[in-house]
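Student: Quick one: the structure is below, and I'll ask about it shortly.
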Amino acid sequence: MHYAIVEDRTEDQEYLLGLIREEHRKLGIPADFSCYPNGEVFLKEFIPGTFQAVFLDIMLEKNGLNGMETARRLRCLSKRIPIIFTTSELGFALEGYEVHPLDYLLKPVEPKKLAWCLQEIREHLAVPSCITIPVTSGQGAAPVNRPLSLDDIVYVEKSGHCLLVHSMKDDIRTRMSFSDLLALLPKSGSFYLNSKTLLVNFSQVQAISEDGKILFKNGESLFCSRRTKKETQDAYFSYVFHNLRKDGSF
Numbered sequence: 001m002h003y004a005i006v007e008d009r010t011e012d013q014e015y016l017l018g019l020i021r022e023e024h025r026k027l028g029i030p031a032d033f034s035c036y037p038n039g040e041v042f043l044k045e046f047i048p049g050t051f052q053a054v055f056l057d058i059m060l061e062k063n064g065l066n067g068m069e070t071a072r073r074l075r076c077l078s079k080r081i082p083i084i085f086t087t088s089e090l091g092f093a094l095e096g097y098e099v100h101p102l103d104y105l106l107k108p109v110e111p112k113k114l115a116w117c118l119q120e121i122r123e124h125l126a127v128p129s130c131i132t133i134p135v136t137s138g139q140g141a142a143p144v145n146r147p148l149s150l151d152d153i154v155y156v157e158k159s160g161h162c163l164l165v166h167s168m169k170d171d172i173r174t175r176m177s178f179s180d181l182l183a184l185l186p187k188s189g190s191f192y193l194n195s196k197t198l199l200v201n202f203s204q205v206q207a208i209s210e211d212g213k214i215l216f217k218n219g220e221s222l223f224c225s226r227r228t229k230k231e232t233q234d235a236y237f238s239y240v241f242h243n244l245r246k247d248g249s250f
């Protein structure tokens, strides 16, 4: 495992590194570290695939970019890398949600919470980043298998005898059933079957309004049916707060 630690306070950097190293020693898992004093240096040297996770001080201020802006730019370079915010202030939790951090660690970091966080990282990395689905190109044509990144799925709707997958790049038609598709998706709470005709990726949702309008991060929107509106709102809020309260601090 290779971790990046972005922290401008040397004592906090060394303390966190020591905790991670000790936990890995207990598990017998090798760990490597790259430490950075600010967001600019980290982003300049970042290469996708180099790190398994990034521990990022959300309060970076002394040397340029703060932690939130660093995380936003990191998400443009790597959608799935686990970001763990370290913070002495709880007030940034809601703001930080937009970059989908894996966890928050309140300073001074407690060893038990760090151990739990490292387990989260291992579980996150065990989840596949993409699935393969049979794509229908036209009537009478044989379906062609196509890889599909989970992060690119916005929502899926029933369209005749097919499913229409709305992704960040294009729309994909497949003759799979919702049951077949759900069997391929991780049971992480991100994918919610709103009804028999609509599957929503909550990680791509910006907000759900009181009238049941689902606003997606790519600018698209649609309405829940009146019958499923409250259930969908409750499921989304549960998803949001589950991600904000994983460590029991919020």
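Numbering (this note's numbering), first residue to last: 1 to 250.
Note that CB positions come from ideal geometry on N, CA and C, so glycine has one too.
This structure is a prediction, so every number in the text was calculated from the model and none was measured.
#1: For F237, count neighbouring C-beta atoms within 10 Å of its own C-beta (all shown protein chains included) and say buried if the count is 16 or more, exposed if not.
#2: Starting from F230, follow its DSSP beta bridges and name the residues at the other end.
#3: In the DSSP assignment, what are the bridge partners of V135?
#4: Which first and last residues belong to the alpha helix (DSSP H) in which S179 is found?
#5: Return the CA-CA distance between S188 and I20, expressed in angstroms with no decimal places.
#6: Taking buried to mean at least 16 other C-beta atoms within 10 Å of its own C-beta, is G177 buried or exposed?
#7: Under a three-way DSSP split, which group does I172 fall into?
#8: Is the beta carbon of F191 sitting closer than 8 Å to the one on L185?
#9: Within 10 Å of its beta-carbon, does D57 have 16 or more other beta-carbons around it, so buried, or fewer, so exposed?
#10: Which residue marks the beginning of the alpha helix (DSSP H) containing Q119, and which one marks its end?
#11: To which residues of the same chain is P147 closer than 8 Å at the C-beta, ignoring the five residues directly before and after it?
#12: According to DSSP, is S221 helix, strand or coil?
#13: P30 by DSSP, collapsed to three states: which one?
#14: Around the C-beta of T174, are 16 or more other C-beta atoms found within 10 angstroms, so that it is buried, or is it exposed?
#15: Are I29 and F51 close, meaning C-beta to C-beta below 8 Å?
Tutor: According to the data block:
#1: Taking the sequence shown and counting its residues from 1, the one referred to as residue 237 is at position 237. Its Cβ having fewer than 16 others within 10 Å, F237 is exposed.
#2: Position 230 of the sequence shown, counted from the start, is the residue given in the question as residue 230. Residue identity check: residue 230 is Lys in the sequence provided, not Phe. K230 is not bridged to any residue.
#3: Mapped onto the sequence shown, residue 135 falls at position 135. In the DSSP output, where bridge partners are listed per residue, V135 has V144.
#4: As a working note, residue 179 is residue 179 in the sequence shown. F178 to L184 is the span of the alpha helix (DSSP H), which, as asked, contains S179.
#5: As a first step, residue 188 must be located in the sequence shown, where it is residue number 188. As a first step, residue 20 must be located in the sequence shown, where it is residue number 20. Distance between the alpha carbons of S188 and I20 is about 25 Å.
#6: Looking up residue 177 in the sequence shown gives position 177. Correcting the residue type first, residue 177 is Ser in the shown sequence and not Gly. By the neighbour-count rule (16 or more Cβ atoms within 10 Å), S177 is not buried but exposed.
#7: Here residue 172 is taken as the residue at index 172 of the sequence shown, counted from 1. Here I172 sits in strand by DSSP.
#8: Here residue 191 refers to the residue found at position 191 when the sequence shown is read from its first residue. Here residue 185 refers to the residue found at position 185 when the sequence shown is read from its first residue. For F191 and L185, yes; Cβs fall inside 8 Å.
#9: Taking the first residue of the sequence shown as position 1, residue 57 is located at position 57. So D57 ends up on the buried side.
#10: Your numbering for residue 119 matches position 119 in the sequence shown. P111 to A126 is the extent of the alpha helix (DSSP H) around Q119.
#11: Locating residue 147 in the sequence shown gives position 147, where the first residue counts as 1. Here the set comprises C130, I131 and T132.
#12: As a position in the sequence shown, residue 221 is number 221, starting the count at 1. Strand, per DSSP.
#13: For the purposes of this step, residue 30 is identified with residue 30 of the sequence shown, where counting begins at 1. Coil at P30, not helix or strand.
#14: Stepping through the sequence shown from its first residue, residue 174 is reached at position 174. Buried is the call here.
#15: As a first step, residue 29 is located in the sequence shown; it is residue number 29 there, counting from the start. As a first step, residue 51 is located in the sequence shown; it is residue number 51 there, counting from the start. Cβ atoms of I29 and F51: not closer than 8 Å.
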